[in-house]
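Going down the list, the sequences are from chains A and B.
The numbering of the first sequence is this note's numbering, which starts it at 20 and goes up by one.
The numbering of the second sequence is this note's numbering, which starts it at 20 and goes up by one.
The beta-carbon is built from N, C-alpha and C at its ideal position, and this holds for glycine as well.
All figures in this text were calculated on a predicted structure; none of them were measured in a lab.
The block underneath contains the structure these notes are about, expressed in structure tokens.
Number of protein chains: 2
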Amino acid sequence: METDRAEDGLEQTLRRDLAAGRLATTGRLPSERRMVEIYSTTRITLREALLHMEIDGLIFRENRRGWYATGPRMVYNPLQRSNFHVMAADQGRRAETELIEALSAPAPATVCRLMECPDGTEFWRVRRRRRIDGRLVLFVEHYLSKAVFPDILEFDLNRSLTGIYLEHYGIDYGSAYFEITPIALRGLPAAELRCADGAYGLKITRINHDQRGRIIDCDLEYWRHDAISVRIEATD
Amino acid sequence: METDRAEDGLEQTLRRDLAAGRLATTGRLPSERRMVEIYSTTRITLREALLHMEIDGLIFRENRRGWYATGPRMVYNPLQRSNFHVMAADQGRRAETELIEALSAPAPATVCRLMECPDGTEFWRVRRRRRIDGRLVLFVEHYLSKAVFPDILEFDLNRSLTGIYLEHYGIDYGSAYFEITPIALRGLPAAELRCADGAYGLKITRINHDQRGRIIDCDLEYWRHDAISVRIEATD
DNA sequence: CAGGTCGTCTGGTCTAGACCAAGGAGGCAA
DNA sequence: TTGCCTCCTTGGTCTAGACCAGACGACCTG
């Protein structure tokens, strides 16, 4: 694994070794201390190089668990009707959804404003996280209208919400409002995605309307920054 | 400026001091070495804290020039007809555009694929950078169809391209295709934006069609990650 | 067999320096 | 006035350690 070349720094060496498959065999990199030995460097220097590669989306870490090689980005088209699992399957990826909790709770003020309702209004709050090819990439907080979906907790919320909306309520998406912001992941989203507090992420806020223009739900999506590329086809 | 509290770390202290205006008076923070003195810490520790705050979008750096406090994010609606300056003005911000170069050049293969033309096709390549309230936030590379805009180099390219399209060619935007990807800024975009190589950024690729569906140009936009929030209103 | 304890693994934070390279201002010369 | 050169300042990279805290598996106990 010793591919050090005097001309360029540790980071370039690491990149080459990663690209050549010399660094990660199963997707997981050796521990930092092990890499320090391998490359005869210090942890500070090594971590700085790893951090740069993380920004580039080459590698990522799970909080206090280790470093891993990143797979290709998922192409995410938020305007597309089809659900997460179908979208992943179309790209030859395996998607998994895991329900964290589903209960009635007041929406935060920012959400209420977007959903045009009084502060403190109660919604069904559904929290889920999603994997692509086994990797945790997305934490979502859904706020569903209790009026539109009175008994939605009865259904299997590990499934696609879109599917449940359509099958059980005859509701399909109409127009939508999006907001895409690069942020630092903190608190619950960071914990659920198993990333360090303050890791780079992408927040996608989404307000969905049904065919009649009614606001039916709001999603707060927290993505690992290196997991997606957003594509939008806009006709006008 | 000594607001150190034993209970929590340097980073929290810095955040408090920044929020209270104790850290930056004119937008610029003291030099790293000065802050090391002020907070009785080491550069490694200080830089780690600053890097975290940078991810959060609280501060940013200009390569080898220093650290600065960030202004509010600009809301960017890529579907909106209006140009950059109007958009900024609507939000009470001052926008500036600076032409870097404008010449004929073959488009890179990735762009040719998106523009549905053979590899190596020549376009007008216009490079510009833009400031909001004086801060460099965007580097754009435009590839304009030479067939559609035969003599566009005659015009003042510090102005809005949209304006020139409309006034001189009677061309207005029709549908568009977007791609939004978090990336690391490197090479020319990084240099022009005066950020360190490998800084976190947002790349927005955009293919524009005119009202008749012709592909008229392609923009490669490189944004500083903390400068914008993308909003999209999608009716269907 | 379930639940808790504990050691050991991991990354996360920190000290205390060093040298390198680009930015920028000021002075000097053509 | 213009352009170059030098010097100081700035962030960028690096060495060599230390201790902290969460993750996790093994083991022990009830």
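According to DSSP, residues forming a beta bridge with residue i
i, result
"E160(B)", "R146(B) and L239(B)"
"A88(A)", "I78(A)"
"A253(B)", "A195(A)"
"L155(A)", "R150(A)"
"V94(A)", "S248(A)"
Proximity of residue i and residue j at Cβ, strictly below 8 Å
i, j, result
"L176(B)", "V156(B)", "no"
"L133(B)", "I226(B)", "yes"
"T200(A)", "S50(B)", "no"
"R250(A)", "V105(A)", "no"
"T181(A)", "R149(A)", "no"
"F174(A)", "H187(A)", "yes"
"L207(A)", "A218(A)", "no"
"L33(B)", "A88(B)", "no"
"R243(A)", "F103(A)", "no"
"I63(B)", "I63(A)", "yes"
"A43(A)", "L98(B)", "no"
"M72(A)", "L65(A)", "no"
"N96(B)", "C214(B)", "no"
"S164(B)", "I234(B)", "yes"
Nearest to residue i (by Cα), restricted to the options the options
i, options, result
"T224(A)", "A210(A), I202(A), G217(A) and R233(A)", "I202(A)"
"V130(B)", "S123(B), G139(B) and L122(B)", "G139(B)"
"E30(A)", "M72(B), L163(B), I183(B) and D216(B)", "D216(B)"
"L48(B)", "G28(B), V167(B) and L69(B)", "L69(B)"
"P125(A)", "G206(A), H161(A) and R35(A)", "H161(A)"
"G153(A)", "G28(A), G46(A), D36(A) and G40(A)", "G46(A)"
"R100(A)", "L42(A), S179(A), R35(A) and T44(A)", "S179(A)"
"G76(B)", "G40(B), G90(B) and T64(B)", "G90(B)"
"D229(B)", "G40(B), L37(B), R243(B) and D191(B)", "D191(B)"
"A195(B)", "L172(B), G28(B) and R231(B)", "R231(B)"
"G193(B)", "D236(B), E81(B), Q110(B) and S123(B)", "D236(B)"
"F168(A)", "F142(A), L221(A) and T44(A)", "F142(A)"
"L221(A)", "A114(A), Y241(A) and A209(A)", "Y241(A)"
"L239(A)", "I183(A), P127(A), A210(A) and G28(A)", "P127(A)"
"R147(A)", "A210(A), P137(A), R35(A) and E135(A)", "A210(A)"
Anticipated Cβ contact below 8 Å, residue i with residue j, distance rounded
i, j, result
"L118(A)", "F158(A)", "The pair is not a contact, with the Cβ atoms about 12 Å apart (cut-off 8 Å)."
"D245(B)", "R92(B)", "7 Å"
"I171(B)", "R112(B)", "About 27 Å; that fails the 8 Å criterion."
"A107(B)", "A114(B)", "4 Å"
Extract the residue ranges of the beta strand (DSSP E) inside the region 180-249 of chain B, only unbroken runs of 3 or more that lie entirely within it.
192-204, 218-229 and 234-243
What beta strand (DSSP E) runs, 3 residues minimum, are completely inside the region 99-144 of chain B?
114-125
So within the region 30-83 of chain A, which uninterrupted beta strand (DSSP E) runs reach at least 3 residues, ignoring any that extend past its ends?
78-81
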